[in-house]
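Visitor: Per the numbering used here, residue 235 is the first one in the sequence shown, and the count goes up by one each step.
Where a beta carbon is used, it is the ideal one built from N, C-alpha and C, also for glycine.
Sending over a structure as structure tokens; questions will come in a sec.
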Amino acid sequence: MSAPGQGDVRPYGRRAFLLLLAGGMSSFWWATKASGIFSPVTSAVSQFLGNLFPVGGWRIYTISGSMPEFDERGWRLSIDGLVGRPHSLTYAELKDLPRHEQVSTFHCVTGWSVSNVHWAGVRLTDVLDLVEPHASAHAIRFVSLEVPYDDSLTLEQAALPDAMLAYEMEGEPLSREHGAPVRVVIPDMYGYKNVKWVERIVVTDRAEDGYWEENGYDRDAWVGNSNGT
Ligand SMILES: Nc1nc2c(c(=O)[nH]1)N[C@H]1C(S)=C(S)[C@@H](COP(=O)(O)O)O[C@H]1N2
Ligand SMILES: [Mo]
């Protein structure tokens with residue numbers, strides 16, 4: 235089993251590894267310099283580089299090796315499932331919802347943390363109010379544009395005061411590598427619950443296992459009180 239954010243360990247030959255490393259290096263360079271252009275890299279390489287060159291304490295993680303590109307014209311956030319009024323929001327409509335800010339510490343279950351991250355975004359409860367969840371609704375599943383990454387929260391967890399869909403980090407629109415245009419932020423839980431590149435929220439009758447939970451991690455990823463800790 236690999237750990238959330240460590241990726242699968244693949245048996246690369248030395249030559250293939252060096253080629254991957256060279257490709258990954260240039261992508262990494264572009265990501266930091268141009269902050270947006272990020273050509274596909276393997277997850278092993280991007281995570282390896284993320285661990286070698288942490289950016290302000292962050293390790294940039296992907297499971298697929300590529301990062302979805304945000305195009306405001308085509309982008310929609312769909313909210314559907316067990317709801318009376320399925321809804322889809324443009325980026326502008328999402329930004330029109332009440333704005334919330336928080337400063338919190340982000341923890342990856344593999345041991346690194348980033349203190350005092352300043353986020354801005356919308357409360358999950360405000361998003362859910364738009365769709366009128368059925369009485370049978372108990373959880374929501376976040377679907378990432380990065381297939382097949384997903385994860386769930388119970389409605390109770392989603393209603394925690396600091397759980398949000400963040401569209402800004404440190405006063406700037408969320409960058410591509412951190413999940414543009416919106417990611418989940420739930421500082422009480424480990425990083426793997428903080429789904430990046432969210433494009434759909436499905437209201438369900440129970441929380442389901444997400445990507446890392448299918449790989450053995452706890453569904454309730456409370457910081458300091460779940461497996462992997
Ligand atoms: N779509 C997607 N979201 C993701 C991940 C991922 O690989 N893909 N990794 C998770 C893990 S394990 C962590 S620790 C954080 C890392 O956030 P960062 O890449 O912004 O540093 O993103 C989480 N959300
Ligand atoms: Mo993580």
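Determine the direct distance from the alpha carbon of Met398 to that of Arg357, and round the result to whole angstroms.
Guide: So the alpha carbons of these two residues sit roughly 5 Å apart.
Visitor: Can you give me the Cβ contacts of Ser260 inside the same chain, cut-off strictly under 6 Å, excluding the 5 residues immediately before and after it?
Guide: Residue placement at Ser260 is poorly supported in this model, since its pLDDT is 37, which falls under 50; the coordinates are not used for a value here.
Visitor: When burial is assigned at 16 or more other CB atoms within 10 Å of the CB, is Ser349 buried or exposed?
Guide: Its Cβ having fewer than 16 others within 10 Å, Ser349 is exposed.
Visitor: Excluding the 5 residues preceding and the 5 following Gly291 in the sequence, name in chain order all residues of the same chain whose CB lies nearer than 6 Å to its CB.
Guide: Val348.
Visitor: According to DSSP, is Arg410 part of a helix, a strand, or is it coil?
Guide: Looking at Arg410 - three-state DSSP - the assignment turns out to be helix.
Visitor: To the nearest whole angstrom, what separates the beta carbons of Met423 and Val457, a pair I think is in contact under 8 Å?
Guide: Indeed, because the Cβ distance is near 6 Å, the residues count as touching under 8 Å.
Visitor: Check the DSSP bridge columns for Met301 and list the partner residues they point to.
Guide: Answer by DSSP bridge pairing: none, since Met301 is not bridged.
Visitor: Check this for me: beta carbons of Pro382 and Tyr445, under 9 Å apart or not?
Guide: Yes, these two residues count as a Cβ contact at 9 Å.
Visitor: When the distance is taken between beta carbons, is Val437 closer than 9 Å to Val343?
Guide: No, Cβ-Cβ distance for Val343 and Val437 is not below 9 Å.
Visitor: Go through the region 367-445 residue by residue and report every complete run of the beta strand (DSSP E) that reaches 3 residues or more, in order.
Guide: Counting only runs of 3 or more, we get 373-378, 384-388, 398-403, 417-419, 432-438.
Visitor: I need the boundaries of the alpha helix (DSSP H) containing Leu362, first residue and last residue.
Guide: Element bounds for Leu362: 358-363.
Visitor: Taking only the alpha-carbon atoms, compute the straight-line gap between Asp242 and Ile297 and give it to the nearest angstrom.
Guide: In this predicted model, Asp242 has a pLDDT of only 44, less than 50, meaning its place in the structure is not dependable enough to derive any value.
Visitor: So does Tyr445 have its beta carbon nearer than 8 Å to some heavy atom of ligand 2?
Guide: Outside the cutoff, so no.
Visitor: Since I believe Lys430 is in contact with Arg417 (beta carbons under 8 Å), could you give me their beta-carbon distance rounded to a whole number of angstroms?
Guide: Correct: roughly 4 Å between the Cβ atoms.
Visitor: If we ignore side chains and look at the alpha-carbon of each, how far apart do Tyr295 and Asp330 end up?
Guide: Each residue's Cα considered, the two are about 29 Å apart.
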